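One structure is given below, encoded as structure tokens.
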């Protein structure tokens, strides 16, 4: 689906209207699967985290059997948060700090103090549908999205050689970006901007000549080669001298970019992964949570992850500056959607999917479409 | 009116909708009596203060006869404030700093410079209805609320033994709370949260076993006993070794909580009062003005009010943290109003009154209802 | 058009409503001529500036022939700004930092990298109508305002003796004012407030006894005499001992105030000019760009402009404090538009023009009205 100079971007209102933003928040984020980060952030039974899905609080609990459970992060009594947002605690029960209501780790109400008789209504925590995939935890606030494996589709086999489920988070960083979340996605989906925006990246990675993947499902992605002079995505091109052992010859010299809409970017390099998770805050504001993931072997060998952290932190800031400038440039009435370049085919695919979801009321991550039988 | 586990809280929109907030601001605050603080803040003739009633400016002036007068804090010429908000000045006239229009302390226009002939329209300051009660000044921006004594009702005799009109403000503190004003009120109306939220308070005061008052009028309240081990509401339970002399035996060992809706909390302890005055700023933001009041005898004796200031400042911050967590918890779509506990009967009375005012267009502080004659 | 105490100000909503503000932004600022500042800020071919017209980005470029050109500050590809807002750069082409699209200084697209064939659509920069007048650059985003000379009208001959086109900017300062832009204009149009608001100014300039100009066109203005004891608008009344040589005897002792609606104030004194340019940000927020202009002779002689800078910076801050107090005073429901004073005739003319533009859909700077032939 090469746009060939004829396809054009979305109109300005898609990036500046509060009503469009509210629609997207309700349909794209709260209406389907969104990523809550790494599951191993909750390591032990009793670990509990307060997380944020597009402004809605979600409580994640590792129960006594070691299974992760997710609930609305809201006490059934008066609505107090059960764990403060962005915090992790370890406790044998879920405990509301306001009136000391106590829930078991499976979400059932254990005690409401000073009730006699106890309240007879169902006051267990409201469950939130969740699922895990290769180390990441996902939630579906709507409860009726297709099963997560159908949405992930063959991205699973594409990422399998990196064994993401065995990686360790060695660094993380949160960014506030003054731009609409779609501009951050669009920026991720093309490397046409790399030569002008990313001089450091362009020294170690080719910026053209790659290919887009042809997913069977809702994800998008493509890959580009490391330059011959470079061995890793780092400021000087040197890395840990190690490569994921299951990669084929191509992948061992490629940087592979994968978007699982609406919110997870997985960038796979020969020796590490870096992920970006988007949290939409307002039509012109997005929080981006970036994590660096290294294989356990390298962590055990004492590899300093600074080579990857410095590189992507440099690249991140260049990207956010570009996105923020576009946000300003398309505000104020002077923007006409321009033609997409041949190297923006993935971006085009994404925009077509957004436009379709505007029409259908979508979510943005459709599962594999049912194949229509031939008549 | 024990809720008995069946009554439930208000829906989330009551705490998150801008439209509900605008309604409440216009009907509850600007539509009836609100408290402007202590009258003796303006001690001498010519003293003038610029105050704020839910975003509307009010000018308070002590006139030559020593009487307090209240006006819109807006010059009749072009609208400049007459005294800057939150400031007190002493001047023989009311003087607009913009074009030097001068008003007498009774609000009549004395001079509009460079008019010849003088403007013939009525350009006296726009009066605001006001009244005092036991040292507090109240304003009614609507002008047609029932008389203040009818709204205060028997709260007057309930507080009489503390002689509030003779107390001195020994400390004050302003808090910005990121929560809807009703959450701050609800938090004040129950001590069900005390054991978990207020460990210091719970060491010196019992948190159950008290009674609610049965007011004849618009106020609400209840009382709880000091613990046997404590003599005062302080971090270590010791106080000034003095008790209001007119208290009966019960009151001399009780902490009494009184709400005069929508905005004044009067907490009476055996040796001091503390008050909270709410100023609604936005649907999710409330300013709280806290004042500590001590009897003149203790002030004259050089009593350090720190024992009460430290105690309530600690308690205040715990309360605001809880209110702010509830505000977050009920935002984002995952909140279902829960059942109120038996110890939340006052809160229930308040919510019924709010819901009634939503329906009738209220104000929130009804005067004593006319008794229907028997048929 | 002396208001004589009967004419009144605009209702509060004109200064507090978001809808009124959006109307004014679209009709008054983006619907006609607005000032972009001094043209000589871009001195050499290749100089480029990113400017702001009421939130819309404008790119100004001095082309190879030395002519100023203006465009939307938005790349035709994806909308990135071409020059960052409030920045000036010098480059042989217009270059988008995002994807390296290149435009010639005349706005035509020179290169879109990696297109083969090149895009066949018209992708030249979107031109913005502009014009210069006596050293100032103006833009008309609507493209259909009357010619700038018709809007400027006889302000041109009024200012001619000061030869503004030959002056040098010797200082500039940006202010954020928490008031509606019209309050800033109204404050400029009367010196009735000077005795009370500006003690320093009132020591060197008379505050009454002047005259309003009777323009044939869209501008407004008036003049007031220097006091006999003063030689310049400075804190101590002393100046550089020099006077614009072409001024007549009256002008040589006058301070002359000129408003070219909606956004340019030109204050002409016997030895320097000071200008204010308004940028509306929100209904209660205005950015004011102040510039001090001295004749080349004084600059060449090494005159320290501090005498004028200190004086107007003092005066500016007094004005903004007054405007901000009015903004607060007219918010909250207690404001009734008051009678305008005899010395507020210019302000009255301005308000009548605003009210007329509300009715007709504006813009605010009408050209000379066509004279109706006698029947």
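Residue numbers (UniProt numbering), protein chains in the order written: chain Z, 1 to 375; chain F, 1 to 375; chain E, 1 to 375. Every residue gets a Cβ at the ideal spot worked out from N, C-alpha and C, and that includes glycine. No experiment lies behind these values; they were computed from the predicted model shown.
Cβ separation of residue i and residue j, assumed to be a contact under 8 angstroms, to the nearest whole Å
i, j, result
"residue 58(F)", "residue 48(F)", "Rounded, the Cβ-Cβ distance is 11 angstroms, inconsistent with contact."
"residue 280(F)", "residue 167(F)", "Going by Cβ atoms, the distance from residue 280(F) to residue 167(F) rounds to 26 angstroms, so no, they are not a contact pair."
"residue 28(E)", "residue 262(E)", "5 angstroms"
"residue 84(F)", "residue 325(E)", "7 angstroms"
"residue 141(Z)", "residue 30(Z)", "4 angstroms"
"residue 16(Z)", "residue 284(Z)", "7 angstroms"
Exposure of residue i, with buried meaning 16 or more beta-carbon neighbours within 10 Å
i, result
"residue 187(E)", "buried"
"residue 364(Z)", "buried"
"residue 116(F)", "exposed"
"residue 376(Z)", "Only positions 1 to 375 of chain Z appear in the structure, and residue 376(Z) is not among them; the question remains open."
"residue 157(Z)", "exposed"
"residue 339(E)", "buried"
"residue 387(F)", "As shown, chain F starts at 1 and ends at 375. That puts residue 387(F) outside it, with no answer to give."
"residue 249(E)", "exposed"
"residue 269(Z)", "buried"
Residue closest to residue i, alpha-carbon to alpha-carbon, out of the options
i, options, result
"residue 317(F)", "289(F), 225(F), 99(F) and 330(F)", "289(F)"
"residue 105(E)", "113(E), 70(E) and 163(E)", "70(E)"
"residue 219(Z)", "341(Z), 183(Z) and 256(Z)", "256(Z)"
"residue 209(Z)", "203(Z), 201(Z), 223(Z) and 199(Z)", "223(Z)"
"residue 124(F)", "87(F), 148(F) and 73(F)", "73(F)"
"residue 310(Z)", "332(Z), 63(Z) and 171(Z)", "171(Z)"
"residue 91(F)", "129(F), 348(F), 63(F) and 108(F)", "63(F)"
"residue 213(E)", "153(E), 10(E), 272(E) and 231(E)", "153(E)"
"residue 238(Z)", "355(Z), 211(Z), 305(Z) and 260(Z)", "305(Z)"
"residue 202(E)", "217(E), 221(E), 225(E) and 185(E)", "225(E)"
"residue 129(F)", "96(F), 159(F), 68(F) and 174(F)", "68(F)"
Distance between residue j and residue i (C-alpha atoms, nearest Å)
i, j, result
"residue 192(Z)", "residue 343(Z)", "6 angstroms"
"residue 52(Z)", "residue 346(E)", "55 angstroms"
"residue 361(F)", "residue 18(F)", "17 angstroms"
"residue 42(E)", "residue 75(E)", "21 angstroms"
"residue 315(Z)", "residue 36(Z)", "23 angstroms"
"residue 146(F)", "residue 131(F)", "12 angstroms"
"residue 195(Z)", "residue 204(Z)", "11 angstroms"
"residue 300(F)", "residue 291(F)", "19 angstroms"
"residue 119(Z)", "residue 332(F)", "26 angstroms"
"residue 371(Z)", "residue 138(Z)", "Note that residue 371(Z) has pLDDT 42, beneath the 50 cutoff, so the model's placement of it is unreliable and no number is given."
"residue 282(F)", "residue 180(F)", "7 angstroms"
"residue 143(F)", "residue 77(Z)", "39 angstroms"
"residue 200(F)", "residue 197(Z)", "57 angstroms"
"residue 102(F)", "residue 113(F)", "9 angstroms"
"residue 164(F)", "residue 266(F)", "10 angstroms"
"residue 87(F)", "residue 183(E)", "23 angstroms"
"residue 20(F)", "residue 178(F)", "17 angstroms"
"residue 151(F)", "residue 10(F)", "25 angstroms"
"residue 375(Z)", "residue 354(Z)", "Interpretation of residue 375(Z) is limited by its pLDDT of 42, a score under 50 that renders its predicted location unreliable; no figure is taken from the coordinates."
"residue 122(Z)", "residue 356(F)", "28 angstroms"
Sub-7 angstroms separation of residue i and residue j beta-carbons
i, j, result
"residue 240(E)", "residue 303(E)", "yes"
"residue 322(F)", "residue 98(Z)", "yes"
"residue 244(E)", "residue 307(E)", "no"
"residue 330(Z)", "residue 22(Z)", "no"
"residue 230(E)", "residue 271(E)", "no"
"residue 39(E)", "residue 107(E)", "no"
"residue 94(F)", "residue 82(F)", "yes"
"residue 273(Z)", "residue 293(Z)", "yes"
"residue 350(E)", "residue 235(E)", "no"
"residue 337(E)", "residue 6(E)", "no"
"residue 227(E)", "residue 206(E)", "yes"
"residue 155(E)", "residue 33(E)", "no"
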